[in-house]
Structure formats: structure tokens, C-alpha cells
Amino acid sequence: MKKIIIILASLVFFFGAAHAKEIMFGIQPAIPVHLGGGFDYWKSGFGFGSCLFYSLSSRLSLGAQAVYNFVSPNPSAYVGYSSSGYTFTTIDKAEGRGHVIELAAAIRYYVLSSSRKLSLYLQAGPCFDLMRVRVDEIAGKTKFKLWYGSGTGYTTMHFGSGLIYSSNSLGFSAGSGLSLALGGPIHLEVCPKLTVLFTEGGSTTFLSLSAGLSFVHKIGRR
């Protein structure tokens, strides 16, 4: 990962001064889809993010992205959860809230020049995700073994201070996109992206679709 960051920084230093054309800032709502594995304790929700790209040439840009995703507890993850003599065999409800923050660096290559009205691009780079989920209540069927005996039943558990799950993971994301000039500095961008995070004992994969407006500021000769 450190080598990748050094390479990206070197590209900015080497190409930036000679070929800088423009800076692009974008704001994009996003819809992430959890494809399985890794973070079992949550399911994806709506998100929003921003990006900043610095052009190295008419076809190559280097940038960074930040995305905030709202998430909620995944009920199936708590099957088998044990507390105070109760073990859940099925879960009907899991109440709570959480978030995932993704920070990413990316190299963007324009298949069609970024100076065109309609541009197509590919992008890829390393990312770092910070996840935190709080569970306030779970309910479902349980097996219990208490001082007065054992059996099965339906139990609802409330957690006043919440059950907290958190994780930080490195990963890699790649995607393609479409940029349409709407007039002046404003561009409409649509970008589907696949992200793979390396988690303990495996990996987790997301497919996200983001769309929003970007604003381009020219800083060099055309």
C-alpha cells in the first residue's frame, strides 16, 4: 500500500507542473450494494460523497474520493448470539444504525479525451474503509438455560448503551464512468464502482452506483 501511495505522489510531482490542465470537484450521492462476505454485522444503505481530481493530461487524472454510507444492522448476523443464558436461533428484528466511511485514491484514464462534451473513463486505486455499527435491540426465537430451567421461547433484548461493532479495512476499488458537459464548468457524472475490502478471514465486496455534478476549474493552458 505504501508503494502505491509513493507512486501516485510521484506521478503528481513529475507530470503535474508540465501538463496540469484543470481541477475537477464533484458531489455525488451513491447507492452501495453489499455483495457478501466480510462485514456480516451490517447491510448497506444510502450514501453520499465527493471527489477531487487533478488532470495530468487530457486523458489522465489523479484524485481522491470520500464517501459516507449509512448502514443498519444485518438481522441474520445475530443468529447464534448468546447473552444472559439466551441463545438466538432465529432473528426477526435488529434495530440500530451505523456508517461506513470510505477514503480512496484513484487514477482516472479517459478513453475519450476529458475535453470532449461526452467523456468515458476508467479509474482504479487503493481505499481505506472505517465501519462502525450500533445495535440497540434484537428480537427472535431463543434457547434458554437459566437457574429455573431450560427451554425455547421468544426474546427481545434491549441494549441501553448499544452493541458496538467497528472495523478498519484496506482495499481496492475499480470502475468506469461517464462525464457529460452540461455547459460552462458543470458536468454530470455517472460512475459504477466495484470495491473489494480485505477483512480478517476473507474479504467483502461492494458494487456502488454514484451520480452527481462535477465542477471543472481550468488552471493551465489548453
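Take the sequence shown: its position 10, counted from the start at 1, is 4 in this note's numbering, and no numbers get skipped. Backbone N, C-alpha and C fix where the C-beta goes; we use that ideal spot for every residue, glycine too. These figures come from a predicted structure and were not determined experimentally.
Nearest residue (CA-CA) to residue i, options the options
| i | options | result |
| --- | --- | --- |
| GLU194 | SER51, LEU116 and SER160 | SER160 |
| ILE95 | VAL61, LEU56, PRO186 and ALA71 | VAL61 |
| TYR115 | ARG126, MET125 and ARG102 | ARG102 |
| GLY169 | TYR104, GLY178 and VAL210 | TYR104 |
| PRO186 | SER144, GLY206 and VAL129 | GLY206 |
| LYS87 | SER78, THR81 and TYR72 | TYR72 |
| GLY74 | TYR35, SER208, ARG126 and LYS15 | TYR35 |
| THR218 | LYS111, LYS137 and ALA58 | Residue 218 is absent from the structure shown; the chain starts at -5 and stops at 216. |
| ILE85 | ARG91, SER76, GLY92 and THR189 | SER76 |
| LYS37 | SER51, LEU54 and ARG91 | ARG91 |
DSSP three-state assignment for residue i, whether helix, strand or coil
| i | result |
| --- | --- |
| TYR75 | coil |
| SER49 | strand |
| GLY32 | Reliability of the predicted coordinates at GLY32 is poor, the pLDDT of 46 falling under 50, and no value is obtained from them. |
| ARG91 | strand |
Residue burial classification, residue i (beta-carbon count within 10 angstroms, cutoff 16)
| i | result |
| --- | --- |
| LYS139 | exposed |
| THR150 | exposed |
| TRP141 | exposed |
| TYR148 | exposed |
| LYS212 | exposed |
| LEU277 | Outside the displayed span of the chain (-5 to 216) sits residue 277, for which this structure offers no information. |
| LEU124 | exposed |
| GLY41 | buried |
| LEU191 | buried |
| PRO23 | exposed |
Handout entry: Any beta strand (DSSP E) of 3 or more consecutive residues that is wholly inside the segment 107 to 179
Key = 112 to 140 and 143 to 177
Practice task
Check whether the segment 46 to 53 touches the segment 15 to 25, counting contact only when three or more Cβ pairs, one atom from each stretch, lie closer than 8 Å.
Solution key: yes
Exercise for the section: Determine, using beta-carbon pairs with one atom in the segment 64 to 73 and one in the segment 112 to 122, whether at least three such pairs fall under 8 Å. Expected result: no
Problem - Meets three-Cβ-pair contact criterion under 8 Å: the segment 128 to 139 and the segment 195 to 211 - result: no
Problem - Cβ contact (3+ pairs, closer than 8 Å) linking the segment 172 to 181 and the segment 151 to 158 - result: no
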